[in-house]
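*Asks:*
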Amino acid sequence: MINLGAHICRDFQQASAREWLETNGIGGFACGTVSGANTRRYHGLLTAATRPPLGRVTMLSKFEETLRINGKNFELSSNQYPNAIYPRGFQYLKNFRLAPFPIWTYEVEGIELEKSVFMVHGENTTVCRWSLVGGRVDSASIEIELKPLLSFTDYHAMQSENDELNRDFEAAENLVVVKPYAEMPALYFAHNAARTEKSGFWYRNFEYAIEKERGFDFHEDLFQPFVLRFELERSAVVVVSLEKHDWREAEEFEKREIERREELVRRAKAEDDFTRQMVLAADQFIVSRGDGNTVIAGYPWFSDWGRDTMIALPGLTLATNREEIGREILLEFSRHISEGMLPNRFPDAGETAEYNTVDATLWYFEAVRAYVEKTGDYDFVRENLYEKLTGIIGRHLQGTRYKIHVDTDGLLYSGEAGVQLTWMDAKIGDFVVTPRKGKPVEIQALWYNALKIMADFAERFDETQDRARFEAMASAAHYSFNQVFWNEAEQCLFDVVDKGKRDGAVRPNQIFAISLKYPIVEGERAKKIFEKVEKELLTPVGLRSLSPKDAQYVPVYEGSPFKRDSAYHQGTVWAWLIGAFIDARRRLFPDDEAGIEKFLSGFKSHLCEAGLGQISEIFDADAPHAPRGCFAQAWSVAEILRGLKKSGVWSLES
C-alpha cells in the first residue's frame, strides 16, 4: 500500500517529510526519512532499549553510502547542513516502499540498487542490506562503501564533538566492535565487507529541520570510526546489534520477520490493504515490560503511559485477535496499582512510576470490560482483577492522590491547583493551559461506566451486596450528572463543573457521555450532543479539541514549545477521538453501518504523507489539517482499528 515514486523520492522536501519506522518489540526502534536525511534528533538506524522497554540510547545514526561503478563514485546519502544539502543522493532514488519493511531503489548509470532496513523482533538489532536488482551489471565493476556515523547518546539528546569519546575499535574477520563510552554498551557490526579501514573523523553540524521548527537545538556532530568496503557481486549485509551475530544470520532474520508479520495479518483476518497496514502499524506499539506487555504511546519520543495503554488496548490487541497480549497488559498494569490508581507514566530515567492521572484508572475498567466481551474470560477477572477493581472503587470513595474523591452528589471530583489530571494535560511551567479542576465531563462518564461494569461483574460472581452498592452509586452519579451538566444554551454538555461554575467550552470530551458501553446520557439529548460534535468538531482526521467559535481556538499547531503547548488542546485535531465518535454514531444510527467508512477515509491518504503506514498523534485544527506531533501514535491507530471492527467483522470487508 505504501509505494512512493520518483516524483516524491527525488523532491528533497517531500521525501524528507515522509518518515519510516521499524520497531523491535522491546522498546527499541529505527526511523528516518525517505530522502535519507535525518530531520529529528530521534532519527537513527538503531535506538536500543537498554532497560526494556526504556533506557533508550541512539547508537547508530546512519551510514554514509557511496556507490562506485567502474571507479566512479556516486554518493547515495543525503544530509542537511547549514545552507547546504550534501550529498544529494535522493536524486538517484527511483522508488520507496514498505514491503513489509523500508526498501529504497536507487537508479545510477543504468544500474538499480536496492537497500532494505528492518529490526529483529525481541533484540536491539538492525539488519541493513544493499543488493543489485537490475540494469547493466554484467560488465561493470561495482562496489559500495559504508561509513557508520555514531551517536551514542540518550535518544532525547544529541551528540557534540568531544575528547572523551573512545576512537578505537576492534576488528576481526567480518566483525567490528565499538565502545565509544565506558558507561554504554558495546555495539557490534557483523558484515561481509571485503575490507575494513580505520578513519576516525567527526562529521560536524548536521542540521535537523524538524527540531529547528519545534524550537529546540537542531545541530549535531557524529563520529565516523571506520569504513566498510563491499564488492557487490553479492549483497552487502551489515547486522548492527548490542549482541554478537554472524552476518549470515541476516537471511534467517529476514525470513522470520516477514513470516511473523504475515501471521499478524492472517490472525487478524484483515483482507483489504488499509486494514492490513493498520494491523502492522498496531504491532509496532506492543512491547515487553518485565514478564508482561505494555504499549509505547507514540514514536519517536513517548514511553508507555497508563492512559494511552488502556485506551489503545482494545484496538491494538482485541480488534487484531491478539487477546492474550491484552490479557498480559491488563495483568501487568494490575501489579502497578497504587492507592487505587494506575500509573500515568513510566519515566525514561528511573524506576518510579508517576500517578498524576484521574482517567487512566477509569479507562482500565473499560479495557477489562472489552477484553471480557471479546473472550468471555470471566475466570481471569474473578481470579486476578475483581478484588483489585473493587479496591479501586473503595479508594475513590475514600479519596486518593490529588483530591480525587467521590463527592456527596455521587460524581467524581479531581484536581489541585497547578496539576493536570485529564488527557488535556498541557502545562507550561506553572501555567495550566486547560485547567479542568473539579468534575470534567468525560471523567463522570467513565466513572459511571466503571460502576456499571462492576455491577455486572458482581452479578456474575454472585456478589449480591457489591452489585447493590455499585448500582446505587451508578444511579446517584447518573441523576446528578443529568441535573448539572446540560448546557441549554449550546444544546450540549458543559465541559467541567466545579462548585457551581460551569465551563461552556465546546470540546470533544462530551462524546464519551454517549459513546461508552454504558452511556450516562441517552435519548434526545444524546442526539443533540452528537449533532453539536459533528457540526463544530469533526474533521476528516479526527475531532477538534475546541470549537472554532471559541475565542481561545488556535487554528495551527506550530512554533516554539510554548506556542505548541498552548495550542495542544485548544483546537488541535486528535485522531484517537474518532473511535468514540464512531461508537456514538453506531448507537444513535444503528442501521447506517455503511456510513462509517466515510469517517475513516481521510486516514487512508494520510498513510502516505507523514509516518508512512502509521497515523499521526495530532493535526492542525484548520484545513488542510497538516499532521503534527508524533508521526506514529498508539491510540490513533488503535481507535481506527476499533472503528473498523463491528461485531467481529472488518467494516471494509462487509
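If you want the numbering used here, it's the 1-based position in the sequence shown plus 45. Glycine is no exception: its CB is placed at the ideal position from the N, C-alpha and C atoms. A quick note: this is a predicted structure, and the numbers were derived from the prediction, not measured.
(1) To the nearest angstrom, how far is it from the Cα of E432 to the Cα of A677?
(2) Return yes when the Cβ of P127 is within less than 8 Å of the Cβ of E256, no when it is not.
(3) With burial defined as no fewer than 16 other Cβ atoms inside 10 Å of the residue's Cβ, what is the status of N338: buried or exposed?
(4) Where I663 and L220 are concerned, what is the direct C-alpha to C-alpha distance, given to the nearest angstrom?
(5) Are there 16 or more other CB atoms within 10 angstroms of the CB of F607, so buried, or fewer, so exposed?
(6) Output the residue ranges of the beta strand (DSSP E) runs that lie fully inside the stretch 216-247 and measure 3 residues or longer, sorted by chain position.
(7) Determine the DSSP secondary structure at C54, reduced to helix, strand or coil.
(8) If L685 sits next to I641, beta carbons under 8 Å apart, how far is it from one beta carbon to the other, in whole angstroms?
(9) Alpha carbon to alpha carbon, what distance is there between E288 and Y344?
(10) Run the CB neighbour count on T617, radius 10 Å, all protein chains shown included, and call it buried at 16 or more, exposed below.
(11) Closer than 7 Å by C-beta to G455: which residues in its own chain qualify, once you throw out the five before and the five after it? Chain order, please.
(12) Rounding to the nearest angstrom, what Cα-Cα distance links E110 and L191 in this structure?
(13) Taking 7 Å as the limit between beta carbons, can you name the residues of its chain near A558, skipping five residues before and five after?
(14) Distance, Cα to Cα, A39 vs R63?
(15) On the premise that Y400 lies in contact with M355, defined as a C-beta separation below 8 Å, what is that separation, rounded to the nearest angstrom?
(16) Can you have a look at T320 and say buried or exposed, based on whether 16 or more other CB atoms are within 10 angstroms of its CB?
(17) Would you give the residue range spanned by the beta strand (DSSP E) that H264 belongs to?
(18) Only counting the same chain, and skipping five residues up and downstream in sequence, which positions put a Cβ closer than 8 Å to that of R279?
(19) Between which two residues does the alpha helix (DSSP H) containing S646 stretch?
(20) R86 and E265 look like a contact to me (Cβ under 8 Å); what is the Cβ gap, rounded to whole Å?
(21) Which residues in the same chain as A625 place their Cβ atom closer than 6 Å to its Cβ, once the five residues preceding and following it in sequence are excluded?
(22) Using beta-carbon positions only, say whether L375 and G351 come within less than 8 Å of one another.
(23) Between V478 and D470, what straight-line distance do the alpha-carbon atoms span, to the nearest angstrom?
(24) Check P608 in the structure and name its three-state DSSP category.
(25) May I have the straight-line CA-CA distance separating Q615 from L583, to the nearest angstrom?
(26) Taking the alpha carbon of V310 as the point to measure from, which residue in W531, L325 and A683 has its own alpha carbon closest?
(27) Considering only their Cβ atoms, is the gap separating E242 from F271 smaller than 8 Å?
(28) Return the Cβ separation of L177 and L195 in integer angstroms, given the expectation that the two are a contact with Cβ distance under 8 Å.
(29) Using DSSP with H/G/I as helix, E/B as strand and the rest coil, what is Y137?
(30) Can you give me the start and stop residues for the beta strand (DSSP E) that D475 sits inside?
(31) Quick one: residues in its chain with C-beta nearer than 8 Å to the C-beta of R631, no 5 flanking neighbours on either side, listed in chain order?
(32) Quick one: what's got a C-beta closer than 6 Å to A342's C-beta in the same chain, skipping five residues either side?
(33) Compare the C-alpha of F330 against each of E316, W346 and D336 and name the closest.
(34) Kindly indicate which three-state DSSP category Y409 falls into: helix, strand or coil?
(35) On the CB-based measure, 16 or more other CB atoms within 10 Å of its CB, does Y447 come out buried or exposed?
(36) My understanding is that N169 touches N69, with C-beta atoms under 8 Å, so please give their C-beta distance in whole angstroms.
*Replies:* Quick answer:
(1) 36 Å
(2) no
(3) Its Cβ being crowded by 16 or more others within 10 Å, N338 is buried.
(4) So the two alpha carbons sit approximately 43 Å from each other.
(5) exposed
(6) If we require 3 residues or more, the beta strand (DSSP E) runs fully inside the stretch 216-247 come out as 220-223 and 232-236.
(7) For C54, the secondary structure class from DSSP, reduced to helix, strand or coil, is helix.
(8) According to the sequence displayed, residue 685 carries Ile and not Leu. I685 to I641, Cβ: 11 Å. No contact.
(9) 24 Å
(10) buried
(11) Excluding residues up to 5 positions away in sequence, M518, A521, A522 and S525 lie with their Cβ nearer than 7 Å to the Cβ of G455 in the same chain.
(12) 5 Å
(13) V486, A490, L538, P564, I565, V566 and I574
(14) A query on residue 39 cannot be resolved here, the shown segment of the chain reaching from 46 to 699 and no further.
(15) In this structure M355 is not in contact with Y400, their Cβ atoms being roughly 14 Å apart against a cut-off of 8 Å.
(16) buried
(17) H264 to E276
(18) N237
(19) E642 to H651
(20) E265 and R86 do touch by the CB rule: their CB atoms are close to 7 Å apart, below 8 Å.
(21) I556, F557 and S560
(22) no
(23) Rounded to whole angstroms, V478 to D470 spans 8 Å at the Cα level.
(24) Sequence check: residue 608 is Lys here, not Pro. Of the three classes helix, strand and coil, the one that applies to K608 here is helix, per DSSP.
(25) 14 Å
(26) When only C-alpha atoms are compared, the closest one is L325.
(27) Yes, Cβ-Cβ distance for F271 and E242 is below 8 Å.
(28) About 28 Å separates the two Cβ atoms, so there is no contact after all.
(29) helix
(30) D475 -> no beta strand (DSSP E), and no H or E assigned at all.
(31) E638, I641 and K691
(32) Cβ within range, chain order: W350, D353 and A679.
(33) W346
(34) helix
(35) buried
(36) The pair is a contact, with the Cβ atoms about 6 Å apart (cut-off 8 Å).
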